[in-house]
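First up is the structure itself, then whatever we jot down about it.
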Ligand SMILES: Cc1cc2nc3c(=O)[nH]c(=O)nc-3n(C[C@H](O)[C@H](O)[C@H](O)COP(=O)(O)OP(=O)(O)OC[C@H]3O[C@@H](n4cnc5c(N)ncnc54)[C@H](O)[C@@H]3O)c2cc1C
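Numbering (full-length UniProt numbering), first residue to last: 1 to 441.
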């Protein structure tokens, strides 16, 4: 049923669709797409709205998948699980846990839908691990012609590649089948390094931990390195509480962000004070409870995927730029790594990747921090995360994706009338079937 205003998690993007539909079966999704087609209305699928940009907004039909949830089946022999598109990653992991199974690698957020995450190139960290798309065995997709089809690696390779990161522009994913692995525990350890030492040997560091990441507060010269590796040891008693250190840290950042409105220069001092209140400590627990942590405070984030070998250089170039601004975000810059993949619109396409993520409080008007950083990351060959804030357009993006035309061919074939487009997809992908634009860098 139509409701009024749809909003993103961050609250910074909203829209009033002509119809806001909440299907609970694949038949209802097929029907919704067919009716929209007959009425000439555009359709945008939506997950939990954890993207920071205008990917979802539409004046047509907003197809909200958040009630189409649950595990369809677990095939232990094949090592795979099939879930409905609106299932939260956290719910999927909890269900797998009950079967003694797990996903091999996920990002930090448990609350997003599997289809939303897949559609924007979601990733965790670990040099042996490609983005989430690399764990997908097949999907079901409802296309503009009102058909549901199963797409897997045995199908047309361009279609199989395109469908695994498509920004909701090829149709509506109804189910996703993931490869899974036997349940495992992860142990987290922390250490401090100098910024110079860390950035000098970033490529070597990237291979040292199965799921390593690093946090750097740009006004400081230290980096906190998190090593996360499989362990046979027991879970730490009360490990559940340790993961709340991340959540408490974010609450602190939210409060400091508010206080920082009085003057950006106050942020480093306040952040140091809050950080000392709940220092993170090592622990071991079920993999999905180490990968993810609750993220209660709403913020804005921008992330770029860079060639791994220039990620250290990019961080070094970022430091003077951020310091010159004289206004700081209380959130640390997050560095993660990942394997490359062969998905045409994957920011990790074709190269081992270093991911650099910047977060700012949404109220503090610190958007200039993101703008300044985006400039530096783009100059180092960065490709923006499709679900996060960025200012790139089709003119700057096309040249960064060697298989851009392959994706556009699939899109023009499946959605020739642009039923699944909106203003934002026009900005970042161009209108359907438009020829690849002249390259502007
Ligand atoms: C607190 C927070 C933490 C995050 N952590 C990470 C992280 O660790 N790693 C990372 O890579 N990203 C991270 N992100 C980004 C996040 O993974 C993406 O923005 C993701 O798309 C959010 O999923 P969603 O369900 O909210 O999708 P939405 O934001 O609702 O939608 C995203 C896109 O998916 C499309 N879509 C949704 N459902 C379907 C469907 N059924 N069929 C086809 N298309 C569909 C939509 O049209 C839209 O284009 C984080 C974001 C937040 C807010």
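From the three backbone atoms N, C-alpha and C, an ideal C-beta is built for every residue, glycine too.
(message) Does residue 285 pass the burial test, meaning 16 or more other C-beta atoms within 10 Å, or should it be called exposed?
(response) buried
(request) Compute the distance between the beta-carbons of residue 206 and residue 127, then report whether it is under 8 angstroms. (result) Yes. Within cutoff.
(request) Give the straight-line distance between the Cα atoms of residue 445 and residue 16, rounded to the nearest whole angstrom. (result) The structure shown does not extend to residue 445, since the chain is modelled only from 1 through 441, so no value can be given for it.
(message) To the nearest angstrom, how far is the alpha carbon of residue 314 from that of residue 376?
(response) 7 angstroms
(message) Quick check: what's the CA-CA separation for residue 312 versus residue 353?
(response) Pairing residue 312 with residue 353, the inter-Cα distance amounts to about 12 angstroms.
(message) In chain order, what are the residue ranges of uninterrupted alpha helix (DSSP H) at least 4 long that sit wholly in the stretch 184-245?
(response) 195-200, 202-206 and 239-242
(request) Pick out the complete beta strand (DSSP E) segments inside the stretch 299-345, 3 residues or longer, and give them in chain order. (result) 299-307 and 333-338
(message) Let's see if you can read the secondary structure: which residues bound the alpha helix (DSSP H) around residue 379?
(response) 367-379
(request) In angstroms with no decimal places, state the Cα-to-Cα distance between residue 266 and residue 317. (result) 24 angstroms
(message) Among 161, 58 and 51, whose alpha-carbon lies nearest the alpha-carbon of residue 4?
(response) Closest by alpha carbon: 58.
(message) I'd like to confirm something about residue 9: is its beta-carbon nearer than 7 angstroms to some heavy atom of ligand 1, or not?
(response) yes
(request) Could you tell me if the beta carbon of residue 304 falls within a distance shorter than 7 angstroms of some heavy atom in ligand 3? (result) In terms of ligand content, the structure shown lacks ligand 3 and carries ligand 1 instead.
(request) Check whether the Cβ atoms of residue 384 and residue 373 lie closer than 8 angstroms to each other. (result) no
(request) Return yes when the Cβ of residue 32 is within less than 8 angstroms of the Cβ of residue 61, no when it is not. (result) If you check the CB distance, residue 61 and residue 32 come in under 8 angstroms.
(message) Looking at residue 103: is its Cβ nearer than 8 angstroms to the Cβ of residue 109?
(response) no
(request) Would you mind reading off the limits of the alpha helix (DSSP H) that contains residue 425? (result) 423-429
(request) Would you be able to state if there are at least three C-beta pairs under 8 angstroms between the stretch 393-411 and the stretch 330-339? (result) no
(message) Which same chain residues end up closer than 6 angstroms to residue 2 when comparing Cβ atoms and leaving out the 5 residues on each side of it in sequence?
(response) Summary for residue 2: the model assigns pLDDT 47, below 50, so the residue's position carries little reliability; its value from the coordinates is reported in the next sentence. 19 and 20.
(message) Checking 8 angstroms against the spacing of the C-beta atoms, do residue 229 and residue 173 come in under that value?
(response) no
(request) Would you kindly report the start and end of the unbroken alpha helix (DSSP H) that includes residue 39? (result) 26-39
(message) Could you compute how far the alpha carbon of residue 237 sits from the alpha carbon of residue 202?
(response) 33 angstroms
(request) Leaving aside the five residues before and after residue 91 along the sequence, list all residues of the same chain whose C-beta is less than 6 angstroms from its C-beta, in chain order. (result) none
(request) Tell me whether residue 120 is buried or exposed, calling it buried when 16 or more other Cβ atoms sit within 10 Å of its Cβ. (result) buried
(request) Answer yes or no: do residue 86 and residue 65 have a C-beta to C-beta separation smaller than 8 angstroms? (result) Against a cut-off of 8 angstroms, the Cβ pair of residue 65 and residue 86 comes out as a contact.
(message) Restricting to runs no shorter than 4 residues, where is the alpha helix (DSSP H) found entirely within the stretch 81-124?
(response) 89-98 and 114-119
(message) Below 7 angstroms, is the gap between the Cβ of residue 382 and the nearest heavy atom of ligand 1?
(response) Outside the cutoff, so no.
(message) With DSSP as the reference, identify every bridge partner of residue 20, one or two as the case may be.
(response) 62
(message) Using the three-state DSSP reduction, which class does residue 13 fall into: helix, strand or coil?
(response) Judged by DSSP in its simplified three-state form, residue 13 adopts coil rather than helix or strand.
(request) For residue 249, name the three-state secondary structure that DSSP assigns. (result) helix
(message) Cutting at 6 angstroms between CB atoms, please list the residues of its own chain near residue 82, excluding the five before and the five after it.
(response) 72, 73, 175 and 177
(request) Measure the alpha-carbon distance for residue 431 versus residue 101 and round it to whole angstroms. (result) 42 angstroms
(request) Look at the alpha carbon of residue 163 and the alpha carbon of residue 106, and state the distance between them as a whole number of angstroms. (result) 19 angstroms
(request) State the beta-bridge partners of residue 357 as determined by DSSP. (result) 303 and 334
(request) Would you tell me roughly how many angstroms separate the C-alpha atoms of residue 181 and residue 291, rounded to the nearest one? (result) 15 angstroms
(message) Suppose contacts are defined by Cβ-Cβ distances below 8 angstroms. Is residue 424 in contact with residue 122 by that definition?
(response) no
(request) Please go through the same chain and pick out, in chain order, the residues whose beta-carbon is closer than 6 angstroms to the beta-carbon of residue 322, but skip the five residues on each side of it. (result) 218
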